[in-house]
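See structure below.
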Amino acid sequence: MKIMIVDDSAAMRMIVKKTLRQAGFEGHEITEAEDGAKALAAIQSASPDLVLSDWNMPNMTGIELLEKLAASGSKLKFGFVTTEATADMRARATTAGAKFLISKPFTPESFKEALGPFIN
Amino acid sequence: MSAPSISVFGATRTDLPASLPQFGHIRRYWDPLHESFAAKLLPGEYYVTLHGEMIVTVLGSCVSACVRDRASGLGGMNHFMLPLDRSHGESAWADATSAATRYGNVAMEMLINDLLKAGAKRSNLEFKLVGGGKVLAAMTDVGAGNIEFIRNYMRTEGFAVAGEDLGDVYPRKVHFHPDSGKVRVKKLQSTRNDTIFARERSYLQQVSSAPQTGDVELF
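Residue numbers (this note's numbering), protein chains in the order written: chain A, 2 to 121; chain B, 61 to 279.
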């Protein structure tokens, strides 16, 4: 399975990658992007099956990325990993078709719970 | 010619500029001595200001990152320490992905996110780091762990350190002026600051006993 991690923090991308392994999701092809705009460009060539994205990022936020993907008819599985999660944000994420929202700081257990249904 | 300034000692100014909405809980006041509005942070808090206002805190073994956008003068500060993470023993702070480090990353991310949302540019950010004194009587040097974390974090993120005053055995009072980028650090006599230690101990207990995890919501 191809998983793309989108976060403007290099430290956070590293933690997400490690947490995927700790949650037992091993052997997947992982790509990274540092903001929504770069992710959108990379999704064409990397064609991930699942995107794990931060919400607040420069250039293009995670929700803008998801909304652009949805508007283009993409069926890509998409979930958020974010520090901020207001009721409005959750509602907007659901409307745009997000599958889950994990709040930081997270544990391998929270990854198992959220990603289990989508990672084979 | 600049307008004459009038300082009224002990007086309360009523024209405190509005804070960003998410910082309504932060204690803010007019500081007649520095002739500046000020926001005072307690352990675990952070604050971002848009305008002429200094940010003040007192650090024992906690660390603060004083961060500003060089171009716009937008700035903010956090005040945090890493929880004790017994699952990794002494190496928890060196392990970039331990639960303790995750907590520190979130403390940095919340500050940086709010700066970016207020209009700062990531490439303009200037970082000054303060704190991490060995001030708590404990087997583990909590301050050293916090310093190790913040240095690793800066390296991983590719952020340059514009200035730092870290380590040693003193508690510190910090005044950060985001407009100018100036950080003034006053080292305090450790024996006279029981309040700092009590606050930090209680903060350390609180972050160490709380589960280091947020919610998961499945849509």
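Note that CB positions come from ideal geometry on N, CA and C, so glycine has one too.
Chain A contact residues for residue i, given Cβ-Cβ distances below 8 Å
i, result
"Gly218(B)", "Ala11"
Classification of residue i by the beta-carbon crowding that lies within 10 angstroms, buried from 16 upward
i, result
"Met61(B)", "Here Met61(B) scores only 46 on pLDDT, less than 50, and its place in the model is too uncertain to base an answer on."
"Asp9(A)", "buried"
"Thr62(A)", "buried"
"Asp201(B)", "buried"
"Asp254(B)", "exposed"
"Asn138(B)", "buried"
"Ser121(B)", "buried"
"Val190(B)", "buried"
"Pro118(A)", "exposed"
"Pro231(B)", "buried"
"Ser262(B)", "exposed"
"Pro143(B)", "buried"
"Leu226(B)", "buried"
"Gly112(B)", "exposed"
"Thr83(A)", "buried"
"Glu27(A)", "exposed"
"Asn184(B)", "exposed"
"Lys105(A)", "buried"
"Ala131(B)", "exposed"
"Ser79(B)", "buried"
"Leu278(B)", "exposed"
"Ser48(A)", "exposed"
Per-residue contacts from residue i into chain B (C-beta, under 7 Å)
i, result
"Thr84(A)", "Val166, Glu169, Met170, Asn173"
"Glu114(A)", "Val276"
"Thr95(A)", "Phe279"
"Ser75(A)", "The premise fails here: Ser75(A) is roughly 17 Å from chain B at the closest Cβ pair, so nothing lies under 7 Å."
Contacts that residue i makes with chain B (C-beta to C-beta distance below 9 Å)
i, result
"Leu102(A)", "Asp275, Val276, Glu277, Leu278, Phe279"
"Arg91(A)", "Glu277, Phe279"
"Ile71(A)", "The displayed chain sequence assigns Ala, not Ile, to residue 71(A). By Cβ distance, chain B contributes nothing, its closest Cβ being about 13 Å from Ala71(A), past 9 Å."
"Ala99(A)", "Phe279"
Contacts that residue i makes with chain A (C-beta to C-beta distance below 9 Å)
i, result
"Leu176(B)", "Asp9, Asn57, Met58, Pro59"
Partner residues on chain A for residue i, Cβ-Cβ distance less than 7 Å
i, result
"Tyr213(B)", "Ala12"
Nearest-angstrom beta carbon gap, residue j and residue i [assumed within contact, 8 Å]
i, j, result
"Glu224(B)", "Lys188(B)", "7 Å"
"Asn102(A)", "Ala94(A)", "Reading off the sequence shown, one finds Leu at residue 102(A), where the question assumed Asn. Correct: roughly 6 Å between the Cβ atoms."
"Leu70(A)", "Phe81(A)", "Going by Cβ atoms, the distance from Leu70(A) to Phe81(A) rounds to 13 Å, so no, they are not a contact pair."
"Gly192(B)", "Asn206(B)", "5 Å"
Interface flag, residue i vs chain E, CB-CB below 9 Å
i, result
"Val123(B)", "No chain E appears in this structure, whose protein chains are A and B."
Original post:
Three or more beta-carbon pairs under 8 Å between the segment 120 to 127 of chain B and the segment 232 to 243 of chain B, yes or no?
Top reply: With a cut-off of 8 Å, the segment 232 to 243 of chain B and the segment 120 to 127 of chain B count as touching, because enough Cβ pairs lie within range.
Subject >> Segment contact, 8 Å Cβ cut-off, at least three pairs: the segment 101 to 109 of chain A with the segment 16 to 29 of chain A >> reply: Result yes; three or more Cβ-Cβ pairs closer than 8 Å.
**OP:** For the segment 209 to 229 of chain B and the segment 163 to 170 of chain B, state whether three or more C-beta atom pairs, one from each stretch, are separated by less than 8 Å.
**Re:** Cβ pair count under 8 Å is three or more, so yes.
Original post:
Would the segment 80 to 95 of chain B and the segment 57 to 69 of chain A be scored as touching if the rule is three or more Cβ pairs under 8 Å?
Top reply: No: the two stretches stay apart, fewer than three of their Cβ pairs being nearer than 8 Å.
Original post:
Contact between the segment 259 to 270 of chain B and the segment 93 to 108 of chain B: three or more CB pairs below 8 Å?
Top reply: Counting Cβ pairs under 8 Å, three or more are found: they touch.
Original post:
Is it a yes or a no for the segment 29 to 37 of chain A touching the segment 87 to 105 of chain A, going by three-plus beta-carbon pairs under 8 Å?
Top reply: With the cut-off at 8 Å, the segment 29 to 37 of chain A and the segment 87 to 105 of chain A do not touch.
Subject >> Members of the segment 178 to 201 of chain B that neighbour chain A once the beta carbon cut-off is set at 7 Å >> reply: Closer than 7 Å at the C-beta level to chain A, one finds these residues of the segment 178 to 201 of chain B: Arg182.
Subject >> Interface positions of the segment 18 to 49 of chain A facing chain B (Cβ-Cβ less than 9 Å), listed along the chain >> reply: Listed in sequence order: Lys18, Lys19, Thr20, Gln23.
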